[in-house]
Amino acid sequence: MGSQVLAVEGLSKGYISGDQRVLVLADLSLSVCSGESLAVVGRSGSGKSTLLNLLCGLQAPDEGRIAVAGESFDDAAAPGADMRWSELRRRTIGVLFQDVNLMPALSLLDNVRLRTHLAGHPAGGERGWLERLGVGGEADRYPDQVSGGQAQRAALAMVFAMAPALILADEPTGSLDRHTADEVADCLFTVQQQTGCALLFATHDRELAFRCDHLLDLSTTG
Ligand SMILES: Nc1ncnc2c1ncn2[C@@H]1O[C@H](COP(=O)(O)OP(=O)(O)O)[C@@H](O)[C@H]1O
Ligand SMILES: [Mg+2]
4 MGSQVLAVEG
14 LSKGYISGDQ
24 RVLVLADLSL
34 SVCSGESLAV
44 VGRSGSGKST
54 LLNLLCGLQA
64 PDEGRIAVAG
74 ESFDDAAAPG
84 ADMRWSELRR
94 RTIGVLFQDV
104 NLMPALSLLD
114 NVRLRTHLAG
124 HPAGGERGWL
134 ERLGVGGEAD
144 RYPDQVSGGQ
154 AQRAALAMVF
164 AMAPALILAD
174 EPTGSLDRHT
184 ADEVADCLFT
194 VQQQTGCALL
204 FATHDRELAF
214 RCDHLLDLST
224 TG
């Protein structure tokens with residue numbers, strides 16, 4: 004097993020709904036090491052997206068401690084916490100959503116170039132990443148000129164090109180048909196294994212979830 008990349012302790016998050024506070028995540032703890040994958044499953048509304056947003060600093064928890072690649076957060080209001088989160092999102096945490104991963108005004112290749120540049124890596128390997136993810140032939144096309152599966156492969160190329168320690172994927176195959184979803188997920192799991200990064204994979208698709216090393220079911224922990 005690799006070194007610990009993500010560690011979460013006692014995480015809680017609720018939302019105000021009307022005059023009530025609805026607890027979505029209650030006292031959640033987990034950890035993921037390099038080279039490992041953890042599937043986060045649960046019905047719609049069980050808190051998968053909320054959890055992933057907390058883990059990349061886009062939302063603040065009510066309680067709990069999060070550590071990513073040696074950076075520790077136990078108080079969202081601590082001075083400098085926002086800056087440290089944005090630095091992590093730039094260089095260390097690759098985030099994949101169901102849609103809208105690519106900038107529409109840039110070609111697939113330029114999307115990967117921009118992400119690589121923002122992560123502080125030298126240019127040069129971007130076309131190779133698109134080829135590795137099976138969309139080398141589409142490098143000069145724009146996101147609206149490729150299929151959903153090809154766009155998501157380009158998004159994977161973009162995320163892997165930044166050489167992240169951790170990938171947070173929020174239903175990345177959720178808008179794809181079964182066959183395409185399986186192919187894209189294959190690519191994600193294969194390249195994650197090859198690169199040895201840690202992966203947290205949120206999905207309502209239990210078939211895909213069982214391909215991860217570990218499973219966290221939010222339907223039963225909430
Ligand atoms: N910004 C928000 N304000 C209020 N309630 C929210 C907000 N985001 C999510 N929720 C609620 O929290 C619950 C969990 O949502 P979410 O994390 O999106 O679940 P999932 O991704 O598993 O479908 C849902 O009941 C949802 O309505
Ligand atoms: Mg969601």
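Numbers 4 to 225, taken from the numbering used here, label the letters of the sequence shown in order. Beta carbons: idealized from backbone N, C-alpha and C, even for Gly.
{"Check": "Residue burial classification, residue 148 (beta-carbon count within 10 angstroms, cutoff 16)", "Outcome": "exposed"}
{"Check": "Three-state secondary structure (DSSP) of residue 59", "Outcome": "coil"}
{"Check": "Proximity below 8 Å, CB of residue 27 to CB of residue 53", "Outcome": "yes"}
{"Check": "Residue 39 burial status per 10 Å Cβ neighbour count (16 or more: buried)", "Outcome": "buried"}
{"Check": "For residue 71, the residue or residues it bridges with in DSSP", "Outcome": "9 and 74"}
{"Check": "Inter-residue spacing [alpha-carbon to alpha-carbon] between residue 217 and residue 122", "Outcome": "28 Å"}
{"Check": "Closer than 7 Å: residue 115 CB and nearest ligand 1 heavy atom", "Outcome": "no"}
{"Check": "For residue 112, the nearest candidate out of 159, 49, 80 and 84 (CA to CA)", "Outcome": "159"}
{"Check": "Contact test: residue 2 Cβ vs ligand 2 heavy atom, cutoff 7 Å", "Outcome": "Since the first residue shown for the chain is 4 and the last is 225, residue 2 is missing from the structure and cannot be characterised."}
{"Check": "Distance between residue 87 and residue 74 (C-alpha atoms, nearest Å)", "Outcome": "8 Å"}
{"Check": "Local Cβ density within 10 Å of residue 176, reported as buried at 16 or more and exposed below that", "Outcome": "buried"}
{"Check": "Close-in-space but distant-in-sequence residues of the same chain around residue 5 (CB under 6 Å, 5 per side omitted)", "Outcome": "36, 37 and 38"}
{"Check": "Collapsed DSSP secondary structure at residue 208 in the structure displayed", "Outcome": "coil"}
{"Check": "Residue 1 Cβ short of 7 Å to ligand 2 heavy atom set", "Outcome": "A query on residue 1 cannot be resolved here, the shown segment of the chain reaching from 4 to 225 and no further."}
{"Check": "Three-state secondary structure assigned by DSSP to residue 102", "Outcome": "coil"}
{"Check": "Stretch pair the region 86–102 + the region 127–138: three plus CB contacts closer than 8 Å", "Outcome": "no"}
{"Check": "Selection from 183, 193, 169 and 128 that minimises the alpha carbon distance to residue 154", "Outcome": "183"}
{"Check": "beta-carbon residue 173 near ligand 2 non-hydrogen atom, thresh 7 Å", "Outcome": "yes"}
{"Check": "Of the listed residues 83, 190 and 16, nearest to residue 136 (C-alpha basis)", "Outcome": "190"}
{"Check": "Closest Cα partner of residue 13 within the set 21, 25, 22 and 30", "Outcome": "30"}
{"Check": "Candidates 195, 50, 62 and 65: closest to residue 168 by CA position", "Outcome": "195"}
{"Check": "Through-space distance from residue 209 to residue 44, alpha-carbon basis", "Outcome": "7 Å"}
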